[in-house]
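For reference, the structure is listed below as structure tokens.
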């Protein structure tokens, strides 16, 4: 597969994630929350805090999609193994770790404020685990990309 084609596929997947994320945050979550509030009026006080919590949690995810787009653009320019991509991957790792910690702490705070259920906190650990897994994978890829960029630079100057 050519690098340009690979870049297009990566961008298509990233665009798909962005559309799905926007749809979930913009339509599905508010719709489900409103139906829950209608069925269980005692949850009305948790509607706004949960909505704000989820929107804030989504911001790093959309930033990661933008960084992924930049990596795909670098791949299209035959610049896959570069220090720029290593830095972008490191930024993705940091953002995913921050988001995972925020999501965990936010769930605990909402639980302590009696706006969450212990079962939801337990299920949110899956999301936290996925965030940490993305963090570790991104850090590993950042390190490997940095090493590959160094090797590529050494080979440029070798006759």
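In the working numbering, the protein residues as written are 172 to 330.
Yeah, the Cβ is synthetic: ideal placement off N, Cα and C, and Gly gets one too.
Span of the alpha helix (DSSP H), counted from its first residue to its last, around residue 182:
174-194
In chain order, what are the residue ranges of uninterrupted alpha helix (DSSP H) at least 4 long that sit wholly in the segment 248-307?
254-283
Cutting at 8 Å between CB atoms, please list the residues of its own chain near residue 338, excluding the five before and the five after it.
Given a span of 172 to 330 for the chain in the structure shown, any question on residue 338 remains unanswerable.
Residue 221 versus residue 326: straight-line alpha-carbon distance, rounded
53 Å
Roughly how many angstroms separate the alpha carbons of residue 294 and residue 204, rounded to a whole number?
In a straight line, the C-alpha of residue 294 is about 17 Å away from that of residue 204.
Where does residue 222 fall in DSSP's three states?
Assigned with DSSP and collapsed to three states, residue 222 falls in helix.
At which residues does the alpha helix (DSSP H) containing residue 210 begin and terminate?
200-210
Are the Cβ atoms of residue 189 and residue 252 separated by less than 7 Å?
no
Residue 306 beta carbon less than 7 Å from that of residue 264
yes
Given this structure, state the Cα-to-Cα distance separating residue 212 from residue 241, to the nearest angstrom.
Each residue's alpha carbon lies about 45 Å from the other.
Secondary structure at residue 316, three-state DSSP: helix, strand or coil?
helix
Would residue 292 and residue 282 be called neighbours here (beta carbons separated by less than 7 Å)?
yes
Apart from the five residues on each side of it in sequence, which residues of its chain come closer than 8 Å, Cβ to Cβ, to residue 178?
243, 244, 246 and 247
Can residue 313 and residue 260 be called in contact, C-beta distance under 7 Å?
Yes; because the gap between Cβ atoms is below 7 Å, this pair is in contact.
If we ignore side chains and look at the alpha-carbon of each, how far apart do residue 173 and residue 207 end up?
49 Å
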